[in-house]
Structure formats: C-alpha cells, structure tokens
Amino acid sequence: MKSSAPPLLSILLLIIFSLTLSSKILVRRGGGFSSIEVEEPSLVLRNKVPVFNSTLLKYAAIDVGEAQAKHEIEELLKGRFGSRGRYGYSVKARTSKGVLAMLRSPQFHRNWLDFRRVLHDWSRKKRYQPEIMDELIGLVKGPIDRHNGLVVSERRYGSCAVVGNSGILMQKEYGELIDGHEIVIRLNNARTERYERNVGVKTNFSFINSNILHLCGRRQGCFCHPYGANVPMVIYICQPTHFLDYTVCNSSHNAPLIVTDPRFDVLCARIVKYYSLKRFVEETRKPLDEWCSVHDGSMFHYSSGLQAVMLAVGICDKVSIFGFGKSASARHHYHTNQKAELKLHDYEAEYDLYHDLVNNPQAIPFITGTFKFPTAMVYQ
Ligand SMILES: *[C@@H]1O[C@H](CO)[C@@H](O)[C@H](O)[C@H]1NC(C)=O
Ligand SMILES: *[C@@H]1O[C@H](CO)[C@@H](O)[C@H](O)[C@H]1NC(C)=O
Ligand SMILES: *[C@@H]1O[C@H](CO)[C@@H](O)[C@H](O)[C@H]1NC(C)=O
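Per mature numbering (1 follows the signal peptide of the UniProt record, and there is no 0), the sequence shown runs over residues -22 to -1, 1 to 358.
Here it is as structure tokens:
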C-alpha cells in the first residue's frame, strides 16, 4: 500500500525542482517573417461560413504529448519527481534562500495539500469543450471586476488593447491610443517605464505563462508586480510543477492570480495547431504526418500572446492588437535583448489566425457557431 502522504525526500525535491527549473532556452530561428497587413476596421462578416477540411480538423485535435503529460501529472500527485517534464526541461537541483525559507515555513504542509488539490482539479477539467469561450467572462472578468470593486455582470468590456512585446512597438507612438481602451492587457510582465510613449502606462491585468511566475516564486514574498501589487495576473500553466509556485504565490498576492481554464488551453492549442498544419501543407506540399517532425511534436505550443488575444476575444466587444508582428528593422522584444522567438511556437500560423479574426472570424475552427466574435484590429 502506498501512503497518500509523499515521502519527505520527494517533497524536498519538489520544492527544489520547482524553484530551479530554468525557463526555456532561447533558440534562434532562421527564415524570414511574414507580417500582418494593416487592416481597416472591418465589419464582422457573418455570411461566409467556411467548410472546414475534416482531415485538418482531425490532425489538429491530436495532442501528441497527451499520454506523457498525464503520466507526469500522476507522478506529481504521488509525490514523484523523477521524470523529465513534458517540454524536456532538464531538472537540476540548486540550493536557494527561497527553498530554505519555504522548508521552515509552517505553511509547508498546507502548500503541499493545496498544490495537490489544485493540480488534481485542473487535470480533471482538461478536455475539449468549445463552450468555454462563453464562460471566460465569469471565470476571468468576474474575479477581476470584483477585486476592483466593480459591479460584476455578464457585460463584456467595451474595448481591450492587447499589447504584445514586439520591437515594432518602438516604430510608432501608440501609447495614448493603447491607454484609451477600457482595459489594457500586457504580456509576460514586460515593463512600461521608459517606453510610455510607445506602449502606454495603464495595465488592467497581465497575462503571463507560468515560467514567469516560477521566476517570481524564487523572490522574497513571490514578488511579481511590475505594474503594482494591485494588478491581477492571468497565468497559463505550461508545466504542472508550476502549480507549486502558484500555490505559494497565490497566498501572498493581493490581487487575483487566475489560472487559465484547461479547457481554454485545449481550445487554443487546437486552433493554433490547425493553422500550423494548414500553413505547413500549403507551403511544403508535404503530407500532414511530417508536420510533427518539423514542429517538434509534443514541444509545439501556442504563444502567451495568442492566448491573451483569445481571452480578449471572449471578454471584450472590441479587441485591438498592438506589438504583434515582425520587422527586419525591429528588435524581437522591445524590452529585452532576446534575439528571436522560441522555436516551439509557429508565429506565422498565429498571424494567420489574427488575420481571420479581423477579416473573417467564422473561418476560425473549433469555436461554437453561436459564439459572438468581437470586432478586431491589428495595429502595426
Ligand atoms: C484536406 O487537407 C488534406 C491535407 O492538406 C488534403 O490532402 C485533402 O485533400 C483535403 N480535403 C479536402 C476535402 O479538401
Ligand atoms: C483599468 O485600469 C485603470 C488604471 O489603473 C483604471 O483606472 C480603470 O478603472 C481600470 N478599468 C477597469 C474596467 O477595471
Ligand atoms: C487563491 O487565493 C484566493 C485569495 O486568497 C483564494 O480565494 C483562492 O481560493 C485561491 N485559489 C486557489 C486555487 O487555491
């Protein structure tokens, strides 16, 4: 019989691993970038209902890494941390002040139980359920409005600016335009100081991936507030071990930390894979089976920016997209020295999706026919 409480050693390892898994290495990517055309604000076209290619739909629905991810979660719930993470992160133990502080914490047992509960609930919910798009208002906007003392309603925000981190932001002065939106969503805690004229100053919430939270988790008090301690964060979990960071940070943060619903993650993954497969066939004329080897199969992932845009699609009447796109004359990020994007994303495929979002949202697969798309616009 296995005891439900994990051995102490495993718990120690969990904490150490959780605090030391380093974020993904940066990979240079060759090839040029296509860029999005600047579009006039367009009426949402509802008359062009496309027929989706069933082969593409079928392939897009396959989650190559699913079995491995399930296994990894089962092991974590049992308190075992020997396996390699889904995304091939190497696990390397390092001591840190944070680990020691946490070990001495009287909260420790509590955190462990919370971690298991949250991870368990999350993994049980993980499935394809497109109606999730209509639940985003209740799941994300609700807690944020409540935190801000606003009346919680089913109303969408009138307008949202999603601000990506591309260096193209430095080529225009969109700051005031961005701040003019009812809410401003920023990505991965990119800073705004010194860039106000280009990126604006207002932030209503920050959308981050859990690698960012993991880095914050190593700091005293889980410090993670580039926009002020009162600004909520929405987090996409890219590794289940990051729920420990979540558990620790959630108890020390003032503002809500909201983990994206796993059904929303599944939906975004399918949509992006569909666009990636489509582009792959159109460009290479190779069979779909070969997509996996080109795009790293189980490593393949949508970007944080993509999910932030899809979130805005669910909670706003009007979505303005800033700082998404490439240009040979612009840096990859406006605020870092990162040279190129991560290879595990297919940005060109994501741009195809934004193009459809602006021009013909009905062409986006896997969304229910009754979902009401906002008007969208890409600023470059
Ligand atoms: C769907 O896409 C696949 C892969 O590109 C292609 O082989 C097939 O002919 C397409 N089917 C239809 C009905 O267009
Ligand atoms: C968005 O943030 C600004 C600046 O912090 C704030 O004044 C405004 O009330 C926020 N809007 C909503 C809808 O929460
Ligand atoms: C996170 O913290 C908030 C506020 O303390 C709490 O209401 C919520 O239940 C916590 N979330 C989880 C999943 O434990």
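For every residue, glycine included, the Cβ atom is placed at its ideal position computed from N, Cα and C.
Roughly how many whole angstroms lie between the Cα atoms of Tyr106 and Leu245? Sequence index remark: in the sequence shown, residue 106 carries index 128 (1-based). Sequence index remark: in the sequence shown, residue 245 carries index 267 (1-based). The alpha-carbon atoms of Tyr106 and Leu245 are separated by roughly 6 Å.
Tell me which residues share the same chain as Thr348 and place their Cβ nearer than 6 Å to its Cβ, disregarding the 5 neighbours each side in the sequence. In the sequence shown, the residue the question calls residue 348 occupies position 370. Cβ neighbours of Thr348 beyond the five flanking positions: none.
Test item: CB-CB of Val42 and Gly275 under 7 Å: Stepping through the sequence shown from its first residue, residue 42 is reached at position 64. Stepping through the sequence shown from its first residue, residue 275 is reached at position 297. Yes; because the gap between Cβ atoms is below 7 Å, this pair is in contact.
In chain order, what residues of the same chain have a beta carbon less than 6 Å from the beta carbon of Phe258, not counting five sequence neighbours either side? Translated into the one-based positions of the sequence shown, residue 258 becomes position 280. For Phe258, where only same-chain residues beyond five positions count, the Cβ hits under 6 Å are Trp269.
Give the secondary structure of Phe11 by DSSP, where H, G and I count as helix, E and B as strand, and everything else as coil. Taking the sequence shown and counting its residues from 1, the one referred to as residue 11 is at position 33. Here the model assigns Phe11 a pLDDT of 37, short of 50, so the residue's position is not dependable, and the following value carries that caveat. Coil, per DSSP.
Use the C-beta contact count for Thr262: other C-beta atoms within 10 angstroms, 16 or more gives buried, fewer gives exposed. Numbered from 1 along the sequence shown, position 284 holds the residue referred to as residue 262. Answer is exposed; the Cβ neighbour count stays below 16.
Answer yes or no: the CB of Ile161 versus the heavy atoms of ligand 2, is any distance below 6 Å? For the purposes of this step, residue 161 is taken as residue 183 along the sequence shown, with counting starting at 1. Answer for Ile161: yes, Cβ within range of ligand 2.
Using DSSP bridges, identify the partner residues of Arg197. Position 219 of the sequence shown holds residue 197. Paired residue(s): none; Arg197 is not in a bridge.
I think Tyr357 touches Tyr173, with their Cβ atoms under 8 Å apart; what is that distance to the nearest whole Å? For the purposes of this step, residue 357 is taken as the residue at position 379 of the sequence shown. For the purposes of this step, residue 173 is taken as the residue at position 195 of the sequence shown. Their Cβ separation, rounded to whole angstroms, is 15 Å, which puts Tyr357 and Tyr173 out of contact at 8 Å.
Cα-Cα separation between Ala45 and Phe183, rounded to whole angstroms: To locate residue 45, count along the sequence shown from 1; it is residue 67. To locate residue 183, count along the sequence shown from 1; it is residue 205. Distance between the alpha carbons of Ala45 and Phe183 is about 33 Å.
Quick one: what's got a C-beta closer than 8 Å to Cys216's C-beta in the same chain, skipping five residues either side? If you number the sequence shown from 1, residue 216 lands on position 238. Cβ neighbours of Cys216 beyond the five flanking positions: Tyr65, Asn187, Ser188, Asn189, His279.
Looking at the strands, I want to know which residues DSSP matches up with Met355. Counted from its first residue, the sequence shown places residue 355 at position 377. DSSP output for Met355 lists Ser298 as bridge partner(s).
Confirm, please, whether the CB-CB distance from Leu322 to Met277 is below 7 Å. Within the sequence shown, the letter at position 299 stands for residue 277. Within the sequence shown, the letter at position 344 stands for residue 322. Their beta carbons are under 7 Å apart, which means Met277 touches Leu322 by this criterion.
Nearest to Cys227 (by Cα), restricted to the options Met211, Thr238, Glu53: Locating residue 227 in the sequence shown gives position 249, where the first residue counts as 1. Comparing Cα-Cα distances from Cys227 to each of Met211, Thr238, Glu53, the minimum goes to Met211.
Which residues share a DSSP beta bridge with Val237? Here residue 237 refers to the residue found at position 259 when the sequence shown is read from its first residue. Answer is Ile213.
If you check the beta carbons only, do Tyr252 and Ala38 fall under 7 Å apart? Mapped onto the sequence shown, residue 252 falls at position 274. Mapped onto the sequence shown, residue 38 falls at position 60. In contact: Tyr252 and Ala38 (Cβ atoms closer than 7 Å).
Local conformation of Ala45 per DSSP, three classes: Here the question's residue 45 lines up with position 67 in the sequence shown. Residue state, collapsed to three classes: helix.
Is Lys119 near ligand 2, going by C-beta to nearest heavy atom under 6 Å? By 1-based counting over the sequence shown, the position of residue 119 is 141. The answer is no for Lys119.
Tell me the DSSP secondary structure of Cys138 in three-state form. Taking the sequence shown and counting its residues from 1, the one referred to as residue 138 is at position 160. Strand at Cys138.
Using a strict less-than 6 Å threshold between each residue's beta carbon and the heavy atoms of ligand 1, what residues do you get? Asn31, Thr33, Leu34, Val259, Leu266
Taking Cβ to Cβ, would you say Phe86 is nearer than 7 Å to Thr225? Reading the sequence shown from its first residue, position 108 is the one you call residue 86. Reading the sequence shown from its first residue, position 247 is the one you call residue 225. Their beta carbons are not under 7 Å apart, which means Phe86 does not touch Thr225 by this criterion.
If you follow the beta strand (DSSP E) that residue 367 is part of, which residue opens it and which one closes it? The displayed coordinates of the chain run from -22 to 358. Any statement about residue 367 would go beyond what the structure contains.
What's the C-alpha gap between Phe221 and Ser131? Taking the first residue of the sequence shown as 1, we reach residue 221 at position 243. Taking the first residue of the sequence shown as 1, we reach residue 131 at position 153. Distance between the alpha carbons of Phe221 and Ser131 is about 29 Å.
For the beta strand (DSSP E) that contains Ser184, what are its first and last residues? Here residue 184 corresponds to residue number 206 of the sequence shown, with the count starting at 1. From DSSP, the beta strand (DSSP E) with Ser184 extends over 183 to 187.
For a test of your reading of the model: does the CB of Asn228 fall under 6 Å from any non-hydrogen atom of ligand 3? Yes or no. Within the sequence shown, the letter at position 250 stands for residue 228. Yes, the Cβ of Asn228 comes within 6 Å of a heavy atom of ligand 3.
I need the DSSP call for His125, collapsed to helix, strand or coil. For this step, residue 125 is matched to residue 147 along the sequence shown. Helix at His125.
Given Ser229 as reference, the closest of Val209, Lys350, His273, Asn89 once Cα atoms are compared: Numbered from 1 along the sequence shown, position 251 holds the residue referred to as residue 229. Closest by alpha carbon: Asn89.
Verify the contact flag: Val96, CB atom, against every heavy atom of ligand 3, threshold strictly below 6 Å. Taking the first residue of the sequence shown as 1, we reach residue 96 at position 118. Answer for Val96: yes, Cβ within range of ligand 3.
Local conformation of Leu34 per DSSP, three classes: Translated into positions along the sequence shown, residue 34 becomes position 56. Leu34 falls in the helix class under three-state DSSP.
What residue does the beta strand (DSSP E) around Leu165 start on, and which one ends it? On the sequence shown, residue 165 is found 187 positions in, with the first residue counted as 1. Per DSSP, Leu165 belongs to the beta strand (DSSP E) from 161 to 165.
DSSP beta-bridge partners of His311: Along the sequence shown, read from residue 1 onward, the residue named residue 311 stands at position 333. Note: His311 sits in a beta bridge opposite Ser144.
Would a C-beta distance cut-off of 7 Å place Ala139 and Ile156 closer than the cut-off? On the sequence shown, position 161 is the one that residue 139 refers to. On the sequence shown, position 178 is the one that residue 156 refers to. The answer is yes: Cβ separation under 7 Å.
Could you round the C-beta distance between Thr238 and Ile213 to whole angstroms and report it? I think they count as a contact, below 8 Å. Counted from its first residue, the sequence shown places residue 238 at position 260. Counted from its first residue, the sequence shown places residue 213 at position 235. At roughly 7 Å, the Cβ-Cβ gap stays under 8 Å, so Thr238 and Ile213 are in contact.
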